[in-house]
Every structure is written in C-alpha cells, then in structure tokens.
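Novice:
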Amino acid sequence: MINAVGREIPEEILKITGKEPFKGNHYFDGYEYKKDGPSTRCVINSEGSKLVENIHEVLVKCGIQDGMTLGFHHHFRDGDYVVNMVMEEIHNMGIKDITICASSLGKAHDKLVEFIEDGTITNIQSSGVRGKIGRAISEGKLKGLAVMRSHGGRVRAIETGEVRIDIAFIGSPTCDDYGNCRGIGGKSDCGVLSYSMVDADYADKVVAITDCLVPFPNFPAHISMTKVDYVVVVDEIGNPDKIATGAAKPTTDMRKLMMADYCTQFVVNTPYFKDGFSYQTGVGGASIASTISLSKIMKERNIRMKFGVGGLTKPMCDLLENNQVDALLDTQDFDLNAVESVINPKHFRISAGEYADPFNKGAVVNKLDFVILAALEVDVNFNCNVVVGSDGIITGAQGGHPDTAAGAKCTIVIAPLLQGRIPAICTDVTTVTTPGESIDVVITDYGIAINPRRQDLIDAMKNVDLPFKTIEELRDIAFSIVGEPERVQFDDKVVGIIEGRDGTVMDVVRKIKKFEFSGE
Amino acid sequence: MEIERPAMAGTLESSDCQVTVEPGDGRIDFTLESAVINQYGNQIRKVVFETLSHLGVDNIKISMVDKGALDCTIKARVEAAVSRSMDQFVNALWGGAFE
Amino acid sequence: MINLVKKRLRRTMMFLNAQKPGLIKDPYIYRPDSIILDLEDAVAENQKDAARFSLYHALKEIDYRGCERVVRINGLDTPYWQEDIRCAVAGGCDAIRIPKVECPKDVHRVEEEILKAEKDFGMPEGMILIMAAIESARGVMKALDICEASDRLFGIALSGGDYTKDLQTRITGTGIELMGARQNLIIAARAAKVQCFDTVYTNLDDMEGFQRDVETIHLMGFDGKSIVNPRQIPIVHDIFTPSGKDIIFAEKVVREIEEKKEMGIGVFTVDGKMIDIAFYDGARRTIELAKASGVYKGDL
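Residue numbers (numbering that gives the first Met the number 0), protein chains in the order written: chain S, 0 to 519; chain P, 0 to 98; chain U, 0 to 299.
Rendered as structure tokens:
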C-alpha cells in the first residue's frame, strides 16, 4: 500500500502492527480517545522509605519476567550507564524476550548488541539507535520489528495504551528515599527529566536510580514520589563529561558560516520575525552560528524573542542571560551552561508531552514560529531522512524532528549539499522520517530552496538578495559534481518501521544487502 | 601496454582514493572498498575500466580503497599508478595514452 | 592574438594543493576571483608525477564557475617545469604562474614552452596568460624588465617567504621587511601597465592583523592578494570593493568633469575636494571596479 509520501508499506506490516499508513500531518486532528492509565499499588504504611538494596532486588520486587516492556530515558546521552546496568542484571537473571521502549539509544548502549543476539532483547522502540545497535538491527539481528518514534510520538503511544510499560527506570541525578527526583543538584546533572515524565505517569512500576541520595523532601520534584515505587542507589548513573559537555566553540568552517548567514538572513526577512517571535534550534555548528548572528540583529532592531524551545545549548541560554528572550522551554540540556541555567526563574522545564505530543489538547510545537533542523537527506518533494544513513544502516534519531517541523510556522533545514560524495539533496530519500509538507525551506552551501507550497514565503523573499534556487536545481548541481547515485539495494525483509507522530507508518526499514557489482 | 611492477598512487584522505596495481594474470582483476559503494560502486568500476581501456591496459590486478573520490580523481589515480608501474619514464600524451 | 581576459578582477588568488582532491573539487563555493593550482611547494618531490594527473583531470572535468584557473609550475631550476606546462596547457588552464623569476629570460623560456604546447595540443596560440612570482632581491631589482618581458604577462606577485630569506631577515607581521619589495613591485607593475599582487598572510589566528595588512596594500595600489584560506576571502573583497560612498563620489567626479569640460572649466570642487581632469581615470576605475565586483547599480 502506498502512503501519503509515496512509500510502499507492505500489507503484512500493517497487519502485524495494526497500524494505518501515513495519510498526512493533520489526519488525526480532532480525533477523540480515552487514555490508558497504569495500574497503581497503594502505599499506606509509615515505613517511610522506598530504598531497595540493589538492581537485582528491585527487579525481583517489580516481578520482572520474560516478555516485559521496559522504559528508559536518554537525558544522559552518550554518558548513560543506567540502561546497560539494568539490562546486564536482567540478562544475568536469565530473563528473555524483553521489549525496550527508550526515548532514545546511542553509542553508550553498544553493549546491548550481545543481548539482542542472544534473545534477551527481542523488540526495540526508540527515537534513534545510533552506534552498534543500529547496525545490528539493519543486519536483521533483532527478532521483532524495531519501531522508530519521535519524542511526541512516544508520549502518544504510551498514553493511548498502544505501548504498556511494565517497569520504567528513571536515572535521576538526585533523589530522596521516597522517590522525589530532580535533574540537578547531584554529581551527574542532566538538568531536566522531560522524557521520563510520561513513564512516571503511565508505567505500572517506576524505579528511580540515583547516585546521589539526598534528604527528604527533594523539592521541587521534577518527578513526584507519588509516582515512584522504588529507589535504588548506585555508584554512578553516568559519566558527567559526556552527559553535559563543555559548550561547543562557534564554528570557523567557512561553509557552515555561509549557511548560518543564509539562515539568519532568511529568518529576518520572513513576516514571522517580529517582536515576540518564538524559536528553536539544534546543536549543529551552523545552527549555533546562526543563533548567535540572529541575536545581534535582534539587538540592532530591538526585537525580543518571546520564548525559545529545545534541546538547549549555551547560545540559547545566553539570550536569557542577556535579557533578549522572555522564557526558555526546556526538554533537554546539552551542555553545562544549559544545565546551570535550569535554576533561572524564566527557564521552564516541560515534559515531552507538553513539548510535542500530537495526541493531547495542544503542545508547544504548535506555537513555534521558527525551527532550524538538520537532515541526512532531503528529496525533491522536501521529504527528510534523519534516521537511515547513505549506506542503508540505521544511524540517526527522529528526535523532535517531525514534531517541530509539523508544528512550526517556518521550518528550515540546513544541510551541506554534499556530504563527502553523497548528495544530501536527492530524487528520493532512502527512508522518509519527516514528510515534505512539514518542511518549508532547505538551506545548502550552494543555495536556498523554498517549498513551492509556501507561496507566501516565496513572495516575502522577492527582493531579498540570497541565492534562491529550486530544489531540483540544487539536486542537479549535486549530481553534476558527484554523478547521479544509484539507490541503496536492500533485502526484502523489513527490520523496522518509521512511525509517524500520529502512529501511522511513514516508511519501513529493510535489512541491508551486501553490495554486488551489476552484471556480475 | 603491460604492467611491469607493483605500484601505488593516491591517499586515504577524504575525497581521495588509493590505487594499487600489479601485473595481472590475463584479465582485469578489480577489487573495490568504498564508503559509497552502494551509490557509486558501479560508476567507479565503469570509470576505472574506461581509463584502463584508454591506456590500452587489459591485463592488470588493480585494487582501490575509495574515500568518496570524484570521477576525475579516480582517473588521475589510476593513470598515476599505471604510469608508476612502467619500467621507463613515460611521457603522458595528456589526452592520449602513454608513449 | 591577445587574450581578452588579460585584465580582470583578481582581488583574491587562492592557493590550492593540486594533490589534495578534497580541496580542489569545489573551491569556487568561497568565490575567490582566481585559484592557483599548485604543483610546486605544496607537492612533495615523490608526488610530482601524480600531481600532474590530478591537475589535468581536474582542469578538464571540474566546472570552476568563473574562477580563473592559474597553475603554479615548478621552478626553472627543476626537471619538472616543462612537463608541468604541457600538462597545464593540455588541461586548458587560464594562466601559468612562474616561481622565482629573476630576469626576462625566465619568462621567455616559459613562453616558448607554452607556445609549443599550445601548438601540440591544438589550442589557440597566445591564449594562455603568464604571471611572474618575484621571490628574491635580484627579482625585485629586475621587476620592470620582467613585467615587460611578454604580452602574455598580466601581472607580478610578491612571494614574501623566500624573498625575506634572501634579504636575510624574516616575516615579522609588521610589513617592514616587505616595504622595499612592495614599493618596487607596484611601481614597476604600474610603469608596465600590468597588475600587482601581494604575498600570503599565513597567521590564521590573527584576522585583525590580516585586515590591517590588506588595508595597507590596498592603499599602496595593489590589485589583489594571495590567499591561503577561504576565511580570508570576504575580508579582502570587502576592502577592495568600493564602498557606497566611494561609488557616489566617483560618479559625481565623472559627471562633473564631463560637464565642466563642456563649459571650459578645468578645476573645481566636489564635496569640498579639489578636482581636476587628472581625477577622471581614477574615478572611472572605481566605477569599473564596482561593476566587476557586482555592487554597481548606477548607469555610468
């Protein structure tokens, strides 16, 4: 069956998953449903402590068995120890057939590959699977289907009951003996716990894991004790250096600076750039450089940002420090500056649901003016690929890409035209993550393409001196330099699905096939 | 044109390719390792074979480690490797074969 | 036959190692006016042969989108320079840069080889231009003769590193060690009506020092500067492009001179400055430069 972005979704996959093919961003607008709450075990005694000796004990208390679904967050990014610690113990207990429902997995979790290979883990649901896990899935080693979701999509899946989390593990920089968790105040701070809030609300059992036990009450709690069953103290929940890195230095790469400049010039010439605008950006060199030059123009023209969203880094926090923005809405803190900024009264923590869930009564992304994103590939229909590399291996993460792109009034993708010999602008992306209807502008080092759907933006840029081209022209320039690429050949077997925000199937990921010269 | 001794040209830097040639065993024996083999494997082989044909070489063992080189770089590296594999100094005819 | 593009905008001439495919594949993205594909200093001895193949195919296949393609051949004291010229001409380069030129004969020898190669490869004769790099005290002293040595020669460039060694001093960053050479070369170039280019600035951590350096040579009359990194390009273009104010003033001067000439008036003031006919050429040049740089929106 062909879906709304022209992708073939095998009938079998629709049957196995019970999902519909993607039908357009607003297909479920106005849809009504009943949320599926967790089972809750009352605690009426006065023992006053939920501390459990170690991970093994807490798994026993939670009744761990084969086939369970476990929830994890990725606020510790490449510095996370929690997932590996828990899965190691589960493996040692001989448990099998586990489904991991993580907000994301990365290089820190390469160890899980051995648990995939021996059947401890049979299903993975995640925003991304960077590193060896991605390769293992692409090679067909996971017994079940991998499900790749956006941040908003994960909340939807949990709240509708599509996914039931049996036990959620929440790595918490500080925690008291009754389960009040905070993302700051410890030795492995991550700032906020946005992605795990839905786990705390909907998982049947919730375990807080901390390396910094503090006296009760650990208020204001980022996650309340009323949702936490047990607390385990370990030596280290993560590596602080990799959790919150030092601030990235502004890029000196001419190409990135050029693209950053184009981006800033584009933003300031749209009708949305006026006093009280809202803005979200990523962590790429060009995105950061663009934010910095944008702040200069904001100063010159006396324009204030009403709120910034993210995924926060130093440049966004600097805007708060310098009183150029009224509020920051925080879902994740990438560097130390962002973590330290969390205590600022205008720096607000928001849950992943408040941020991006399409199945609630309206989330932050719907109020966003600008979002600056990256992409591995963009095709001539403006569809983006953020997840599957040019070698066919799952390598990236959806993150909030489809959520912010769908919600923002002006969605900008920055990508260098060529990544090595691979054209970033192509005729058809390897796999669709974000549909073209969400993408408004693509900025490359060779020129800028505006989505023909946005005549209003095209009109706004009529007298602006920037190198505008059609997306086909950009693709043709790329092909004229590197030659037209052949499509990656895949095996027939489907190893994973790219799930749309609304739970429909955006695309499928197939097993990789070893390259063979044609005509041999 | 016969390959007289093993020779190499190019580097493993990004956008370059490293080509190693040896005397062949009666045919063109081509092996390729490339980060972009899925998209450009066939194109790379086409360019290599065309370059060898242009030089009048049909008996060679040639292997390439490619780091995303464009066609012009592939041609240059193949020609340089073949030229180095000749016993005497050859004058490239620049546009023609070697003399 | 004189090459019609002998005189063109050459504010920036960016050096690129012909042996580095990653660098030569799309340098035009940074928009230098000229690129210098280097077969000389950037290429190791044992790679000189491979560099030629890289150069030939790059010239033949890569679309440099309007950048002038100059090839720096090896010195006339090496066994490489003749084959370098054959390769560059066959590839269809725009110009040859000769290093270490000390006398007109150096230019003549190169010109001979170029002509031979143009004939051999069926290129229109006289099409390939020449620029001479001056890198020694003797070269500086012979600058005027060198400038006049060939119709193909469009300009001379100072190569400060080797020159200061020849002087038995070093690059200081203040420019004092380059004073004599810079002054001599710009004078010789203007006397011979060819262009003059300044040496590279290699300290990429000191962009302010670079800016001051470029402002200095701009005021001295140089046509452009040799570049080693794309970050340097916008700074040079900025300084060498007439500002809005300069253009308006130049337009006034041109119009006023033409008007006053009709009226038989030789000397007058424009914006408080004393102007006579001698200012005409400079004002016209400013407008031509503005046009070439793409910033002129008037109708002169």
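For glycine and all other residues, C-beta sits at the position ideal for the given N, C-alpha and C.
1) Have a look at S:420, S:259, S:464, S:345 and flag the residue whose alpha-carbon is nearest the alpha-carbon of residue 25 of chain U.
2) According to DSSP, simplified to helix, strand and coil, what is residue 76 of chain P?
3) Given 8 Å as the limit, is there contact between the region 323–336 of chain S and the region 294–311 of chain S, that is, 3 or more CB pairs closer than that?
4) Which full runs of the alpha helix (DSSP H) of 4+ residues lie inside the region 212–239 of chain U, going along the chain?
5) Using 8 Å as the limit for Cβ to Cβ distance, is residue 0 of chain P near chain S?
6) Give the DSSP-derived three-state secondary structure of residue 0 of chain U in the structure shown.
7) Measure the C-alpha to C-alpha separation of residue 454 of chain S and residue 25 of chain S and round it to an integer number of angstroms.
8) What is the DSSP secondary structure of residue 9 of chain U, reduced to helix, strand or coil?
9) Between residue 327 of chain S and residue 345 of chain S, which are expected to be in contact by the criterion C-beta below 8 Å, what is the C-beta distance as a whole number of angstroms?
10) Would you grab the beta carbon distance between residue 401 of chain S and residue 155 of chain S for me? Rounded to a whole angstrom, and I think it's under 8 Å.
11) Alpha carbons only, please: which of U:16, U:41, U:31, U:9 is nearest the one belonging to residue 233 of chain U?
12) Given that residue 44 of chain P touches chain S, what residues does it touch there, using C-beta distances under 8 Å?
13) Using a C-beta cutoff of 8 Å, does residue 494 of chain S count as contacting chain P?
14) Extract the residue ranges of the alpha helix (DSSP H) inside the region 31–83 of chain P, only unbroken runs of 4 or more that lie entirely within it.
15) Given a threshold of 16 other Cβ atoms within 10 Å of its Cβ, counted over all protein chains shown, does residue 1 of chain U qualify as buried or as exposed?
16) Tell me which residues share the same chain as residue 25 of chain P and place their Cβ nearer than 7 Å to its Cβ, disregarding the 5 neighbours each side in the sequence.
17) Establish whether the CB of residue 26 of chain U and some CB of chain P are separated by less than 8 Å.
18) Between residue 157 of chain S and residue 197 of chain S, how many whole angstroms is the CB-CB distance? I'm expecting something under 8 Å.
19) Three Cβ pairs or more, each shorter than 8 Å: is that satisfied between the region 260–274 of chain S and the region 71–79 of chain S?
20) Leaving out five residues before and five after residue 488 of chain S in sequence, what residues of the same chain have Cβ atoms less than 6 Å from its Cβ?
21) Could you please give me the residues that DSSP links to residue 180 of chain S through a beta bridge?
22) Check whether the Cβ of residue 393 of chain S lies closer than 8 Å to any Cβ atom in chain P.
23) What are the partner residues of residue 193 of chain S, as DSSP defines its beta bridges?
24) Whose C-alpha, out of S:503, S:117, S:515, is nearest the C-alpha of residue 1 of chain S?
25) Just the Cα atoms here: how many angstroms apart are residue 6 of chain U and residue 122 of chain U?
26) Checking 8 Å against the spacing of the C-beta atoms, do residue 141 of chain S and residue 441 of chain S come in under that value?
27) Taking the C-alpha atoms as reference points, what is the distance between residue 258 of chain U and residue 243 of chain U?
28) Residue 468 of chain S and residue 447 of chain S: beta carbons closer than 8 Å?
29) Answer with buried or exposed for residue 50 of chain U, where buried requires no fewer than 16 other C-beta atoms within 10 angstroms of its C-beta.
30) According to DSSP, is residue 348 of chain S part of a helix, a strand, or is it coil?
31) Assign residue 126 of chain U to one of three DSSP states: helix, strand, or coil.
32) Would you call residue 16 of chain P buried or exposed, if buried means 16 or more other Cβ atoms sit within 10 Å of its Cβ?
33) Have a look at S:189, S:112, S:207, S:481 and flag the residue whose alpha-carbon is nearest the alpha-carbon of residue 54 of chain S.
34) Of all Cβ atoms in chain U, is any one closer than 8 Å to the Cβ of residue 480 of chain S?
35) Going by DSSP, what residues sit across from residue 273 of chain U in a beta bridge?
36) Closer than 8 Å, CB to CB, is residue 277 of chain S near chain P or not?
Specialist: According to the structure data:
1) Per the Cα distances, S:420.
2) helix
3) yes
4) The qualifying runs are 231–239.
5) no
6) Residue placement at residue 0 of chain U cannot be trusted, given a pLDDT of 41 that sits under 50; what the coordinates show is reported in the next sentence. Of the three classes helix, strand and coil, the one that applies to residue 0 of chain U here is coil, per DSSP.
7) 20 Å
8) coil
9) 7 Å
10) No, residue 401 of chain S and residue 155 of chain S are not in contact; Cβ-Cβ is about 12 Å, not under 8 Å.
11) U:31
12) 516
13) no
14) 36–54, 70–83
15) Annotation note: pLDDT 47 at residue 1 of chain U (below 50); position unreliable, no value reported.
16) 58
17) So no, residue 26 of chain U is outside the interface.
18) 5 Å
19) no
20) 512
21) S:174, S:222
22) So no, residue 393 of chain S is outside the interface.
23) Looking at the DSSP assignment, residue 193 of chain S forms no beta bridge with any residue, so it has no partner.
24) Nearest to residue 1 of chain S by C-alpha distance, out of S:503, S:117, S:515, is S:503.
25) 21 Å
26) no
27) CA-CA distance, residue 258 of chain U to residue 243 of chain U, rounds to 23 Å.
28) Yes. Within cutoff.
29) Under a 10 Å Cβ-count criterion, residue 50 of chain U is classified as buried, with 16 or more other Cβ atoms of the shown protein chains found around its own Cβ.
30) Secondary structure at residue 348 of chain S: strand, using DSSP grouped into helix, strand and coil.
31) In this structure, residue 126 of chain U counts as coil in the three-state DSSP scheme.
32) buried
33) S:207
34) yes
35) Secondary-structure assignment with DSSP links residue 273 of chain U through a beta bridge to U:268.
36) no
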